[in-house]
Each structure stands twice: as C-alpha cells, then as structure tokens.
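2 protein chains.
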Amino acid sequence: MAAYDPQTKLFKAVGHPARLAILDVLRDGEACVCHMETALGYRQAYISQHLMVLRDAGLVQDRRDGWNIFYSVINPGVFDVLSAAQSATGSHGAPRTHSRKIENCPCPHCNPVAEAAAC
Amino acid sequence: MAAYDPQTKLFKAVGHPARLAILDVLRDGEACVCHMETALGYRQAYISQHLMVLRDAGLVQDRRDGWNIFYSVINPGVFDVLSAAQSATGSHGAPRTHSRKIENCPCPHCNPVAEAAAC
DNA sequence: TCATCTTATTCGTAAAACCGAATGTCTTTT
DNA sequence: AAAAGACATTCGGTTTTACGAATAAGATGA
C-alpha cells in the first residue's frame, strides 16, 4: 500500500519522545539548536541527529543567521496531528513551564545581546 | 521526557503502512481478520502480527463470535489523528473503492450466510 | 473425539532505529 | 591565517522492528 507512505513517513518521524519535545519547542516559533539544548537538556549532537530525521521527513527547515541555525516547522498541519494525538491519549505533553525566553540560554532570541554595551 | 510516552506509543504503532490500512478498514466498524485478509490482500499471519502491535499499543480490542474474532478501534480519537495526518500530507490514504461489503469475502458480515438455506 | 475453520504465536534472519563518542564543517572574530 | 563558537556528520555497538515460514491454539460441526 504505497498510498499510505506519506502518512507513514510523518508518523515514523514523530514517533520518538525527543522529536516530540523538539516539535513542542517549535510551537513557539523558530528556534536555534542551542536554545533546544538548554530548553530540553539534551546533548547538542543528540538534538542534531533528531533534527536530521525531522528534516529528512520534510517536517522542518533551517535558516542560517550568523552563528546560529534556526529551525522551524514547514507545515503547521503537523501541529494539528500532535494536538489530535494529545487529545486521543489524554496526555498533554510536557508542561510548558518555560515560555519562549529562557534565563540562562545563550541564544540570541533569549539574550538580545546588549550589543552596544562593549562599545 | 516520559511525558511524551503515550503519544510516542501511539505514533509508533501507527507508523506502518499495513497498520494504517488496517485502521482504515476499521473506520467502517468492526471487522474480522479474514475480512481484512480479502480487503487488503495480506497474508493472515501478517495481519495478525500487526494486529498484535495495535493491541499492545491499546488501539484496538477484539471480540470473539463463534469462529471469527472481530476487531474494533477502542478510542475513536485515533481516527482524528489519522485524518489530521491526511490533511497535513495532502494524501488521503487508499481510495475506498470497496465499501463495507466485499463480494468474495468469507466473513459473516459480507456473507450473511443464507443459513436457513440448507434446512 | 476428530477434522476443520479461524486466528495467534513462535522462530530466525535481515534491516532499521537508537545513541554515545569522536570528528568535521561553516562562520565569525581577532 | 588562526582561534573559537554553533552545528552537522560519521562511526561503532546495542537494541528494536520487519516479515516469511512454520506451528500452535481455541471453537465448532460431524
């Protein structure tokens, strides 16, 4: 049944807790790897590996900005899939205690560097 | 992240074309194994193996009635997940050419045995 | 009880996923 | 050019999944 391949690809990509956690972070918009690192507490290489899976599945795209590479979900429809799964299982993922900004995060989004400070 | 385990379990179970096809058959209500066999063209053991996965994931339940064992989806919410995935991918599964009843299907639902015939 | 029908399970091997460790690449700053 | 920062990729080894083949199990009719 090749007719189910697209959905299978999607489900396979999403069938991993780390990847679900990453996508949950991306609900707040694009995020760089170092942000996910501090937000989720995973190793950098580990996150990159899972991002590779999500990229190969066509779920996320990356954009370079200086040092950082920002990831974002290509098709917002995947969030509907995640939400449907949350409803179906009755489990609503990880509590979104941390909002978009994280205190000790080195990423430019969380630390809008007081860039003029050193001048 | 143990918080994502329920959804991960769901996605892993659903991340296989044969299992998606089976669930698609179950949209029309309960079905016995031999019905899926003729509806999908898979081997009996193959179907049973995938049904085992779906059962272990808590997605389907079985009910015995004489010779046949009828399977059905426990939580209709999974259909919402499937539908969301179809919308997200733009692929709407296999064309439902065969309706509930299949011509040469030996199952009692398709062949409401003219049981009084022999008497 | 025996034969038959429907379905489940076990077995073995090939393939794929997982993940820690190490290393490579690209960019920016000096 | 060299150093440093932010990510990506490759490389094993372990675990998990896939699936054909064979066999087992439970219910029914003779």
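Chain order of the listed sequences is A and B.
Residues in the first sequence are numbered from 14 upward in steps of one, following my numbering.
Residues in the second sequence are numbered from 14 upward in steps of one, following my numbering.
We treat Cβ as the ideally placed atom computed from N, Cα and C, and that holds for glycine.
For clarity, every value in this text was computed on a predicted model and none was experimentally measured.
Requested in this report: Could you give the DSSP three-state label for A:R56: helix, strand or coil?
Outcome: Here DSSP, grouped into helix, strand and coil, assigns A:R56 to coil.
Query - CB contact flag (A:H38, A:L53, <8 angstroms) - result: Residue identity differs from the one stated: residue 38 of chain A is Val in this sequence, not His. Yes, the Cβ-Cβ distance between A:V38 and A:L53 is below 8 angstroms.
Query raised in the report: Is the Cβ-Cβ distance between B:A101 and A:V91 less than 8 angstroms?
Result: In this structure, A:V91 lies closer than 8 angstroms to B:A101 by Cβ.
Query raised in the report: Can the beta-carbon of A:Y17 be found closer than 8 angstroms to that of B:G71?
Result: Going by C-beta atoms, A:Y17 is not nearer than 8 angstroms to B:G71.
Report task. Determine whether the Cβ of B:P30 lies closer than 8 angstroms to any Cβ atom of chain A. Result -> Taking 8 angstroms as the CB threshold, B:P30 lines the interface with chain A.
Query raised in the report: Between A:N81, A:Q57, A:I35, which lies nearest to A:P121 when the distance is taken from Cα to Cα?
Result: When each option's Cα is compared against that of A:P121, the closest is A:N81.
Report task. Please decide whether A:D69 counts as near chain B, where near means a Cβ-Cβ distance under 8 angstroms. Result -> By this cut-off, A:D69 is not an interface position.
Query raised in the report: Exposed or buried, B:P19, counting other C-beta atoms within 10 Å across all chains shown (16 or more means buried)?
Result: A buried status is given to B:P19, since no fewer than 16 other beta-carbon atoms sit within 10 Å of its beta-carbon.
Requested in this report: Would you tell me roughly how many angstroms separate the C-alpha atoms of B:G28 and A:A26, rounded to the nearest one?
Outcome: Pairing B:G28 with A:A26, the inter-Cα distance amounts to about 9 angstroms.
Query raised in the report: Residues in its own chain within less than 7 angstroms of A:R32 by CB, not counting five upstream and five downstream?
Result: Excluding residues within five positions, the ones whose Cβ falls inside 7 angstroms are A26, H63, V66, L67.
Query raised in the report: In the DSSP assignment, what residue or residues form a beta bridge with A:N81?
Result: According to DSSP, A:N81 shares a beta bridge with A:D78.
Query raised in the report: Closest Cβ-Cβ distance between B:T51 and chain A: below 8 angstroms?
Result: Not an interface residue.
Report task. Indicate whether B:V94 and B:V73 have their beta-carbon atoms separated by less than 8 angstroms. Result -> Taking 8 angstroms as the Cβ cut-off, B:V94 and B:V73 do not qualify as a contacting pair.
Query - Identity of the residues DSSP links to B:A101 by a beta bridge - result: According to the DSSP secondary-structure assignment, B:A101 is paired through a beta bridge with no residue.
**Report entry** Among B:I60, B:A98, B:N124, B:P89, nearest to B:E50 - alpha-carbon criterion
**Finding:** It is B:I60 whose Cα lies nearest to the Cα of B:E50.
Query raised in the report: Is A:Q20 close to chain B, meaning its C-beta is less than 8 angstroms from at least one C-beta of that chain?
Result: With respect to chain B, the C-beta atom of A:Q20 has a partner C-beta closer than 8 angstroms.
Query raised in the report: How would you call B:E43, buried or exposed, if buried means at least 16 neighbouring beta carbons within 10 angstroms?
Result: Classification for B:E43: buried.
Query raised in the report: What in chain B is Cβ-close to A:N88, meaning under 8 angstroms?
Result: A101, listed in chain order.
Query - Contact under 8 angstroms by Cβ, B:C123 with B:F83 - result: No; because the gap between Cβ atoms is not below 8 angstroms, this pair is not in contact.
Query raised in the report: In three-state terms, what does DSSP make of B:C118?
Result: Coil, per DSSP.
Query raised in the report: So, is the C-beta of A:S104 closer than 8 angstroms to a C-beta in chain B?
Result: Chain B contact via Cβ: present.
Report task. Spatial neighbours of A:R113 within its chain, please: CB distance less than 6 angstroms, with the 5 preceding and 5 following residues excluded, ordered by chain position. Result -> Take A:R113, set aside five residues on each side of it, and the residues of its chain with a beta-carbon closer than 6 angstroms to its own are D41, in chain order.
Query raised in the report: Does DSSP put A:A130 in a helix, a strand or coil?
Result: Caution is warranted here: a pLDDT of 36 is assigned to A:A130, below 50, making its placement in the model unreliable, and no coordinate value can be reported.
Report task. To the nearest angstrom, report how far apart A:A97 and A:S104 are at their CA atoms. Result -> Their Cα atoms are separated by approximately 11 angstroms.
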